[in-house]
Amino acid sequence: MPEASECQIRFDNNPCGVYFPGQSLAGYVELRVLEAFKVKGVSLQIKGFAEVKWSESSGTGKSRRTVHYHGRQDYINTVTYLQGSPEGNPFDIAPGTHTYRFGCLLPANLPTSFEGQHGHIRYTVRVVLHRPWKVDPTYKVGFTVLRHVNLNENALALSVPCKLEVQKVFCCGPCASDPLYVSAQIPIAGYVPGQTIAVRIEATNRSKKRVSEFSTKLVKNVCYISQTPYSRVRLEPEIVAEVRCQGVGAGDQGTWEQFLAIPALPSTSSQCQVLTLGYEVQVESKIPGPNINPRIRIPITLGTVPLAAHAIPTIGGRGNEQLQAYPVPALPPPVSPVVPEPSAPPIPYDQLKPAVPVDQLPPPTYEEAVGATPANILEEGEENTGSNNFTPQYMVYRFNERNDVSWWLVTASKRSNSSTCGPAGYETDSGDRCEKMPDPECHIRFDNNPYGVYLAGQTLAGQVELRLTEVLSVIGISLRLDGLTEIEWSEVIESVASGQTGGRKTTRYHGQQTLLNSTSFLCGSSVGPVRDLPVGTHSYHFSCELPAHLPTSFEGYHARIRYTAKVSLHRTKARTDPIGQTSFTVLRHLNLNEHGEVLVLPTKSELTKVFCCGPCSSEPLYISAQIARCGYIPGQTIVMKIDAVNRSRTRVTEFRVKLIQKLCYSSQHPTVETHADALVVAESRCSGVTSGEVVKHQQNLLIPALPPTYTDGSPIFSINYELEVEARVTGPNISPRLAMPITIGTIALETTVPKDKLKPLTKPPWDPFSTQHYTDIIGTRMPIANIARARRSQAGLDDLPNGSGNNESATSRDKMGLKDCSIELDNPYNTYYAGQTVNGRVTFTFDSPKKIRGIVIKFAGEAETKWSETETKTDQNGKQYESTTNLTGQEEYFQIQYYLLGGKNAAETELPRGSHTYPFTCALPPTLPSSFEGEWGFVRYTVKVTLDRPWKFDQDIKMAFTVISPVDLNLNPRVKDPFKLELEKTFCCFCCASGPLSVIVHVPVTGFVSGQSVPVTIECDNASNVGVDKVTITLRKLLAFHVHTPRRETKRKKEQITSISVGPVEAGNSQTWQQHLQIPPLPPSNLVNCGIIDVDYDIKVVAEASGMHANLDGNIPIVLGTVPLESFQPPPPYTDAPPVASDIIATETDPSMLPTQPVSPASPPSNGAGGALGWNIGDNKGYPNIPPPTFAETAYKAPTISGKNDSEFTRIVGGAEYAPRYPTYAFTPSAPTLNNY
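Residue numbers (the UniProt record's numbering): 1 to 1237.
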């Protein structure tokens, strides 16, 4: 570790270091250096994983055998380079304090943190200083993840009392005693830490044994599950709470009430594959002597959100009265000012509904688990650089300590009554002395701009608010707007004198450029007379037009482009005191279409690498990389194709695709020097290529929030981007690299947006405050996925058929103040292709003013499979019981959320009565699987709009839409060939064998689309002595659903779509039929990019033999696509004349040629031209004979689209049931069978 250096990792506004899945983990790294040292880079790793390991020994002596068990599951592992890179040149970290910011969105499926004896679920943040030729110092801290377990989601099972009984007989046979009866009962089965479990024990002792005492325990059962060398389960029970009471004598009976206080504990967890947590209440009857103590075990669930009606369980009455559970008593109305929110992490109250109302739920504290010992979070190979112990903290509610809530009210009351000290701003003690407050309180606010983001050339407007507690004498109040580009770096040079080392010299290079410098006086002037401002609040409005040439804000280690607004008090001509300052973000548009001729072209880079040289040189390694274009915007995905041919003897272990931000600085003082940094801002990896192998890869790289390319306007600073492909090779070889420069802008290339004819929304072409999602990047706000929609007709969506379905009564709506709400998309079918942009608007109609904090919109794409299995088991007492296991599988494809109005921490806003419309947009990732709804699983895409209401239940509107992943059958040569199924069977055997029964089934191709008819030719030649009752052909959908929690399992289903029967065929006869199977709207085959649901199709052929003979059957696999085969098209109106060979189009499409982006599904064009809609190849000229599709709903409908995060206030647009829409073609007439059949 470098001498005299210290590294601190801190989280933003979160002293507990506790986060919930799906939240943003943000903070900063502070590196304090007293002496300069060289590094190659500073990296930050955010890691989350579960790991178990233990050893078991058996045997003795030489036969002793030890088995080491191990299991691991990874959840998150991201590496970001805060400065430099491991492959870059070493540089010096100068003395001083260096601060680096970081941020990461935690996945939504993370389990709760846990530290146990044989395993853990651990989340860490690690900073590594990569030092050349030295051990890399590592600084590491842990943080806690708490996964919400809402007990109300299973309220029917958890809110009922649970009672178990046990009967014990001592001795046996003729010496057997009378039984001892013991029962235990709890009011509910779901609790949260901080609650008290009320246990009622009833005992009737008819035996001659005395029960000395009853012990009531809360037991935590930790289950460790190994994966290697084989699967093994180790259960470790741990007593976390215990109370005792007196027993019962022989021949006596009694009732006891015990109370178990639940300490800080992790919630019940079964999501992890290697470590699960469960809890039970155990009542043990302790009997003296050599007897086995009878035990009662009652399983309970520990959550984080309490049951709504059972926040504080108690026992009512004595004797024969029933066990009861009373709700939390309502608190008196809060006293102004408003009670502050709990300390970090703030409780996501939106996740607590529909549980306890906010005004009845006390704020939790975060404490270490009972009996926990600090765990060492260092892993093998990491250098110890200080204290690396960590103990997770868990949520605890203080229900029984009402002083926690009362303290809020008392404190607020004291604050409101503390105005007896005189004028505001003074405090009076017993001696009636007043102490003056410092400078007046100053607030700078921007008009209608919660993000503080402005475009270059826009008008910056707002107001300055001064709150004075005493009379203020000034000659003026000024507001100064500054914009500045600053660069700075240091270089350490070894100075040599007379052949000896003369020491180290540090040179500081710096430069500065003024971008904006505007000063205006809000009040008075710099030379005017003194004026007195009275006590109170003073507001001053300001406005300034920003220059159009301002560059985008940027914050980096060596450079920054920063814009600030500063308020100063001019007390005298010579004295000026700054009293307030705030920063704002400037975005300069970079329209990629201005250079569209160059940026829209695909780019390809190739490399040939020969290892060794001379007679030892190897055969070459060929690598080529290609991207579709050179211009992108944040939020888009770069699709890169990598081709590699390895003829060398060196193996490529992996390919790394990196998006590199290249920063160039030019100093002005003390001399003109140039410095450059290369930062890896995004990276993806794929497998390599072995010797003699040829591989093709396709890598997707999502562009994060980044400033646009900046090469003009500043002589001292520039930003460029390039894509780098690195082939990591084995041995002491230099890894070959390919580089391709790209341009990052703010307005997307118009050619990347499908040029459909849908109706756009009526809104300005770019609105940075209502249609964008802003993400912080090193203190700068950047828009994500701003797809420009220019020159589009200004038309409404009033005629779209996807109106809102509102099933609530008018009375309920009136109570809420929300009269009506709707979500409208710019597509009449609510159907989009993967990679397209979803545009729409949400409209709220209020019958009275509505107070909200903001309006949140959330787009989500996910797949889920689930079912339950019930089996009969036998417990240790020999009693049989039914055990139900819930099997689930989940995949999340994308999740985008932003505020249409307001913000997470914004002030309360009142919306007036009437209608309010807010437009929105979302760019879909290009790798999404097609929508699907099935009995045991779905692939579903939804948009959800939430009215974020402070201290009230949020109101949600939710709607599902269809996403289609195009399947072009023309790119699959295998489906173009005819298929012939031959089946043959003889009856009886040997000398009694009959002649053969032969069935031949022909289909002209095996690729079809919804709406087509499958022409099937059936030939049945029955040379046997057994008749055939009928021949049945059935179109089937073959489904496979996969789950992985708590175990991996697959459930298959074969659904009959349509069926046709022909026959019979008598013995010794033959017959031929031509039939057509009509294909209804169905999802395409093989849900690409979905790993938990498989969809396939086939045609089942069954020839049913008469009598007791087995049937003859077989199947023909077929593929369902979204773009039909061009070569399989109906000719002009069908006649009896034989077809001409030239009429049959047999155009083959090169599979290596990619289709262009499909256009949005829409109604057929009014002029009847333009080719098929739903796909677009070569401007609709590639398939001129294919008619346009419609988009029809499939037969199966999901009963509801409500999810676990939806509440009773969630309104479903379009009704509860939902069915996806798929492209369906109308071919008239249907394609006839081919003549050679």
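Note that the Cβ used here is the ideal one computed from N, Cα and C, for glycine as well.
Can you give me the C-alpha to C-alpha distance between residue i and residue j, rounded to a whole angstrom?
| i | j | result |
| --- | --- | --- |
| K604 | G17 | 46 Å |
| K1053 | D847 | 50 Å |
| I239 | K220 | 6 Å |
| G303 | I262 | 11 Å |
| A184 | K163 | 6 Å |
| G1011 | K641 | 34 Å |
| N1069 | L1112 | 17 Å |
| F259 | Q195 | 10 Å |
| E1066 | L997 | 11 Å |
| L515 | L481 | 10 Å |
| V963 | S930 | 5 Å |
| N150 | C821 | 28 Å |
| P132 | L663 | 23 Å |
| P1046 | F114 | 18 Å |
| P1187 | D968 | 15 Å |
Go ahead and pull the three-state DSSP assignment for residue i.
| i | result |
| --- | --- |
| L146 | coil |
| P299 | strand |
| D814 | Note that D814 scores a pLDDT of 38, beneath 50, so its modelled location is shaky and nothing firm can be said. |
| S624 | strand |
| N152 | helix |
| V975 | helix |
| G61 | helix |
| E935 | coil |
| E284 | strand |
| H595 | helix |
| A157 | helix |
What's the call for residue i, buried or exposed, on a 16-neighbour Cβ count within 10 Å?
| i | result |
| --- | --- |
| K140 | buried |
| M1108 | exposed |
| Y230 | exposed |
| A373 | The residue you asked about is not Ala; residue 373 is Thr in the sequence shown. Under this definition T373 is an exposed residue. |
| V610 | exposed |
| Q324 | Bear in mind that a pLDDT of 38 at Q324, under 50, signals an unreliable position, so the number given afterwards is only what the model happens to contain. When all chains shown are included, Q324 counts as exposed. |
| H570 | buried |
| K658 | buried |
| E1126 | buried |
| D577 | exposed |
| L156 | exposed |
| R791 | Residue confidence is low: R791 scores 32 on pLDDT, short of 50, so the model does not pin down where it sits. Its coordinate-derived value is still stated next. R791 is exposed by the Cβ-count criterion. |
| R853 | buried |
| G580 | buried |
| P392 | buried |
Measure the beta-carbon distance from residue i to residue j and round it to whole angstroms, keeping in mind my assumption that it falls under 8 Å.
| i | j | result |
| --- | --- | --- |
| F1008 | V1001 | In fact, because the Cβ distance is near 15 Å, the residues do not count as touching under 8 Å. |
| I186 | I298 | 6 Å |
| E654 | R588 | With a Cβ gap of about 38 Å, E654 and R588 do not count as contacting. |
| Q246 | E213 | 6 Å |
Can a CB atom of chain B be found closer than 8 Å to the CB of residue i?
| i | result |
| --- | --- |
| T576 | Within the model displayed, chain B is absent; a lone protein chain is all it includes. |
Say whether the segment 941-953 touches the segment 878-891, bearing in mind that this needs 3 or more beta-carbon pairs closer than 8 Å, one atom from each stretch.
Contact fails: fewer than three Cβ-Cβ distances are below 8 Å.
Contact between the segment 733-744 and the segment 700-714 is defined here as three or more beta-carbon pairs at a separation below 8 Å; is this criterion met?
The segment 733-744 is in contact with the segment 700-714.
With contact counted as at least three CB pairs below 8 Å, one residue from each stretch, are the segment 1025-1037 and the segment 1093-1107 in contact?
yes
Any chance the segment 460-479 sits against the segment 502-512, with 3 or more Cβ pairs inside 8 Å?
Touching, no.
Are three or more beta carbon pairs between the segment 86-106 and the segment 21-33 nearer than 8 Å?
yes
Is it a yes or a no for the segment 112-122 touching the segment 46-53, going by three-plus beta-carbon pairs under 8 Å?
yes
The segment 857-876 / the segment 896-907 touching (three or more Cβ pairs under 8 Å)
yes
Check whether the segment 1217-1224 and the segment 1077-1093 are in contact - that is, three or more C-beta pairs closer than 8 Å.
Two segments are said to touch when three or more pairs of C-beta atoms, one from each, lie closer than 8 Å; by this definition the segment 1217-1224 touches the segment 1077-1093.
Could you say if the segment 907-920 and the segment 1016-1027 meet the contact criterion of at least three C-beta pairs nearer than 8 Å?
The segment 907-920, when compared against the segment 1016-1027, does not touch it at the 8 Å Cβ threshold.
With three or more beta-carbon pairs closer than 8 Å as the criterion, would you say the segment 635-651 touches the segment 685-697?
yes
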